[in-house]
Amino acid sequence: MASLGSDVQATSNELVSVIEEMKERRAELDQSIRREEEERTRLLTEIKALNARLTSIDESLRRKMTAKSDLDKVIHDTSEAFRKILDASKQLLSNVREESSGIRHCDGL
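When we follow my numbering, the leftmost residue of the sequence shown carries the number -10, and every step to the right adds one.
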């Protein structure tokens, strides 16, 4: 019977030891879970801020691209109008020179 008692005592001691090891492992897992949950919360906050910034940049880019497109059109239209004015001025100058040359010949100048 003494052998049975020592077996029970040894088994009980080993069982208590295993239970303590599992409790320590659980405490380590709890701590690891808390750290990862905190990191997850921090990352979600960062993602939210980054998404807001991305949305803001996208809107800014859209406005700037529209403004650039408008400026491109104004520059093109203005350049075309200026080219036409320049061509007309050159033609006017040529006509005035011809007329002036003809007037000089008539006056004998």
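Cβ coordinates follow ideal geometry from the N, Cα and C atoms, glycine included.
The structure displayed is predicted, hence computed values, not measured ones.
Residue i to residue j span [Cα, whole Å]
i: S21; j: E27; result: 10 Å
i: N40; j: L33; result: 10 Å
i: K62; j: S49; result: 20 Å
i: I92; j: M54; result: 56 Å
i: S78; j: D59; result: 28 Å
i: V85; j: L75; result: 15 Å
i: I64; j: I46; result: 26 Å
i: R72; j: E87; result: 22 Å
i: D(-4); j: V7; result: 16 Å
i: A16; j: E25; result: 14 Å
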